[in-house]
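This report refers to the structure that appears directly beneath it.
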Amino acid sequence: MTGRAHRFGDNVNTDYIISGKYKFKTLDMNELAKHVMEDLDPEFYNKVREGDFIVAGRNFGCGSSREQAPLAIKHARIGAVIARSFARIFYRNAINKGLPVVECDTSQIDDGDELEVDLGRGVVRDLTKGIEISAKPLPPVMLKILSDGGLVEHFKKYGTFNL
Amino acid sequence: MGKTGKTIAEKILSSHSGQDAYANDLVVARVDFVMGQDGTSPLAIKAFNEMNGQRVFDDSKIALVIDHSAPSPNEGVSNLHRMMREFASLHNVKLYDIGEGVCHQLMPERGHVVPGDLVVGADSHTCTYGALGAFSTGVGSTDLAAAMISGHLWFKVPETIKFICHGRLPKGVYSKDLILYLIGQVTADGATYMAAEYTGEAISELSVESRFTISNMAIEMGAKAGLMNVDEKVIRWVRTHSNREPKPVCADEDANYARVLEYDVSDLLPQVSRPHSVDNVAPITEVAGIKIDQAVIGTCTNGRLEDLRVAAGILRGRKIHPRVRLIVAPASKRVYLEAIREGILQDLIEAGAAVVTPGCGPCVGTHNGVPADGETVISTANRNFKGRMGNNKAQIYLASPATVAASSLCGEIADPREFV
Ligand code: SF4
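Sequence lines, in order, name chains A and B. Residue 56 in the working numbering sits at position 56 of the first sequence, with consecutive numbering throughout. For any residue, its number in the working numbering is found by taking its place in the second sequence, counting from 1, and adding 163.
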């Protein structure tokens with residue numbers, strides 16, 4: 001996957017990802033996607049090109065358990081979220097919904113950098129800077145769920161947990 | 164080398180998975196109760212159907228709660244509420260409809276949670292029931308659907324960070340002040356992926372209601388659970404709220420902790436979280452005098468009878484500042500009725516409060532009091548993120564019910580100790 005970095009800071013919470021005032025209204029994720037990150041950057045949705053990355057600091061996705069957060073990001077055509085660390089529920093939800101999340105040192109990545117992400121090998125290459133950053137591997141349970149295409153597909157296949 | 168003792172989290176996740184589990188182990192565990200609310204259940208129902216879910220694992224162990232936007236403010240929400248009602252009736256699971264209260268008040272109050280339970284809820288503040296010695300944690304909608312079908316969920320057994328709180332809280336200082344202080348100390352991600360255990364004299368002194376406030380906010384330090392040891396007070400509380408048998412769990416003396424932090428709370432001042440993050444905490448002395456436009460008493464953090472009683476104690480026979488709107492949202496119908504019987508609501512209403520339907524109230528910006536541009540709100544809720552109450556141009560401060568009540572009288576953030 002290659003795309004541009006959209007840079008955010010630490011503690012990007014689920015209210016910023018998708019505000020509560022929208023998420024209660026609809027299950028139409030394409031509609032919600034238009035409001036992704038709106039409180040931090042009103043132009044975000046219009047700036048994103050398919051396959052771009054959200055790059056953030058620590059504790060990305062903290063706050064509520066709303067699954068609308070990873071879903072809306074996915075529907076905003078973001079290829080993966082790359083962060084120094086993730087909040088637990090967001091991380092789980094992203095895997096369950098098939099949104100790739102990459103945990104690595106993001107301190108050298110700037111807004112607009114061209115990135116290449118290799119999920120299989122767990123590396124992020126910053127093509128603008130010419131550096132390679134290695135990512136923390138996904139726990140086996142999560143790899144299994146992600147490789148099945150998310151938790152819905154996993155349950156469709158096995159009818160229950162088969163981890 | 165013999166194995167060490169276990170934390171509360173390790174014990175509960177062991178007993179529910181049949182594995183001798185320690186921190187960082189992955190387990191698939193049986194859940195005792197599963198809960199969803201109206202912001203998360205519709206997506207869970209969708210996932211349930213996509214997973215070809217035919218029936219729920221046990222219809223007596225699931226509840227859906229309509230509390231976040233209740234009564235419905237628009238047709239979009241109404242249709243999602245209808246989806247929940249239809250699912251509940253089709254699968255014969257308990258539905259708490261509008262006006263019953265906030266999910267995290269209802270789960271313990273209606274006896275769905277007892278000590279030793281493993282509970283999942285599609286709401287991040289599910290950690291609230293840790294005060295009863297239950298391992299309860301928030302999950303997303305797809306996890307909720309998986310749990311409704313299978314009665315199981317996978318967990319990474321968390322490491323635990325232990326908070327020992329010595330001393331007694333001074334007059335006018337409450338459990339809300341204590342948890343805000345602790346969050347300020349460890350910051351918003353200080354306990355990410357971990358469970359928190361809160362112990363010490365300052366905790367045992369607290370009523371069970373006050374303890375819920377602390378466990379409720381464990382997630383604001385990133386923790387997946389906010390656990391407390393079970394004592395006599397908890398057992399008594401649970402016996403009056405549930406028919407189920409408690410299975411008390413306490414941490415072993417020789418359990419392993421990621422960190423142990425000790426505090427003496429005897430001189431703690433009332434605490435306030437400043438915009439726009441919960442860990443941006445200051446003692447009251449640094450924020451007193453900031454003008455406010457709206458005050459909110461309620462939510463799953465501080466909408467219990469005890470909280471309304473404290474507020475009424477300050478507001479009785481007085482009038483709130485003419486510039487201020489005071490919104491009160493009782494945490495449940497039972498709290499509402501009891502507050503009527505005790506005369507608390509009359510006192511609050513006469514002082515100038517607007518009482519709204521039991522439920523989440525204006526906490527998450529869906530209805531019931533969205534602030535205007537540039538306005539300042541002081542609230543007993545648990546989050547003050549930018550835009551949280553529906554307007555990203557508003558400022559939200561978080562405090563105890565006493566501080567919010569005192570501030571509504573003064574028209575500015577005020578020290579409650581002068582009023583109690
Ligand atoms: S009261 Fe607020 S924090 Fe609690 S469940 Fe409702 S929206 Fe969430």
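Backbone N, C-alpha and C fix where the C-beta goes; we use that ideal spot for every residue, glycine too. All values reported here derive from a predicted model rather than from experimental measurement.
Under a Cβ-count criterion, where at least 16 other Cβ atoms within 10 Å of its own Cβ denotes burial, should residue 467 of chain B be classed as buried or exposed? buried
Is residue 587 of chain B buried or exposed, if buried means 16 or more other CB atoms sit within 10 Å of its CB? This structure gives no information on residue 587 of chain B, because the portion of chain B shown stretches from 164 to 583.
Determine the DSSP secondary structure at residue 579 of chain B, reduced to helix, strand or coil. helix
Kindly indicate which three-state DSSP category residue 16 of chain A falls into: helix, strand or coil? helix
CA-CA distance, residue 161 of chain A and residue 569 of chain B? 51 Å
What does DSSP give as the partner residue(s) for residue 460 of chain B in the beta ladder? B:491
Could you check what DSSP says for residue 436 of chain B in three-state terms: helix, strand or coil? strand
Specify the secondary structure class of residue 339 of chain B as computed by DSSP and reduced to three states. helix
Starting from the N-terminal side, write out each stretch of the alpha helix (DSSP H) that is 4 residues or longer and does not extend beyond the region 232-286 of chain B. 238-254 and 266-272
Starting from residue 118 of chain A, trace the beta strand (DSSP E) in both directions and tell me its first and last residue. 114-118
Please decide whether residue 252 of chain B counts as near chain A, where near means a Cβ-Cβ distance under 8 Å. no
Would residue 548 of chain B pass as an interface residue toward chain A - the criterion being a Cβ-Cβ separation below 8 Å? yes
Interface positions of the region 39-68 of chain A facing chain B (Cβ-Cβ less than 9 Å), listed along the chain: 39, 40, 58, 59, 62, 63, 64, 65, 66, 67 and 68
Any beta carbon of chain A sitting closer than 8 Å to that of residue 387 of chain B? yes
Runs of alpha helix (DSSP H) wholly within the region 44-77 of chain A (minimum 4 residues, chain order): 44-47 and 68-75
Cα-Cα separation between residue 3 of chain A and residue 96 of chain A, rounded to whole angstroms: 23 Å
Have a look at B:378, B:452, B:451 and B:424 and flag the residue whose alpha-carbon is nearest the alpha-carbon of residue 294 of chain B. B:378
Using the three-state DSSP reduction, which class does residue 292 of chain B fall into: helix, strand or coil? helix
Exposure of residue 137 of chain A, with buried meaning 16 or more beta-carbon neighbours within 10 Å: exposed
Give me, in chain order, the residues of the same chain whose beta-carbon lies closer than 7 Å to that of residue 507 of chain B; leave out the 5 immediate sequence neighbours on both sides. 471, 472 and 475
Going by the C-beta, is residue 520 of chain B closer than 7 Å to any heavy atom of the ligand SF4? no
Can you say whether residue 131 of chain A is buried or exposed, counting buried as having 16 or more other CB atoms within 10 angstroms of its CB? exposed
Where are the alpha helix (DSSP H) runs, 4 residues long or more, that stay fully inside the region 80-163 of chain A, in chain order? 88-96, 140-147 and 151-158
Touch check for the region 273-284 of chain B and the region 229-238 of chain B: three-plus C-beta pairs under 8 Å? no
Quick one: list the residues of chain A neighbouring residue 214 of chain B, beta-carbon separation under 7 Å, in chain order. 152, 155 and 156
Classify residue 179 of chain B as helix, strand or coil using the three-state DSSP reduction. coil
Taking the alpha helix (DSSP H) that residue 509 of chain B belongs to, which residues open and close that run? 507-514
According to DSSP, residues forming a beta bridge with residue 584 of chain B: Because chain B here runs from 164 to 583, residue 584 of chain B falls outside it and cannot be looked at.
CB contact below 8 Å: residue 161 of chain A versus chain B: yes
Here's a check: name, in chain order, each residue in its chain whose Cβ is nearer than 6 Å to the Cβ of residue 12 of chain A, leaving out the five neighbours to either side. 56 and 60
Could you have a look at residue 328 of chain B and say whether DSSP puts it in helix, strand or coil? strand
For residue 554 of chain B, count neighbouring Cβ atoms within 10 angstroms of its own Cβ and tell me buried if that reaches 16, exposed if not. buried
Rounding to the nearest angstrom, what Cα-Cα distance links residue 281 of chain B and residue 301 of chain B in this structure? 11 Å
Within 8 Å of any Cβ in chain A, is that where the Cβ of residue 545 of chain B sits? no
Which residue wins for smallest C-alpha separation from residue 146 of chain A, given the options A:94, A:85 and A:42? A:94
Bounding residues of the beta strand (DSSP E) (the contiguous stretch that carries residue 470 of chain B): Run containing residue 470 of chain B: none in the beta strand (DSSP E); it sits in the alpha helix (DSSP H), 468-478.
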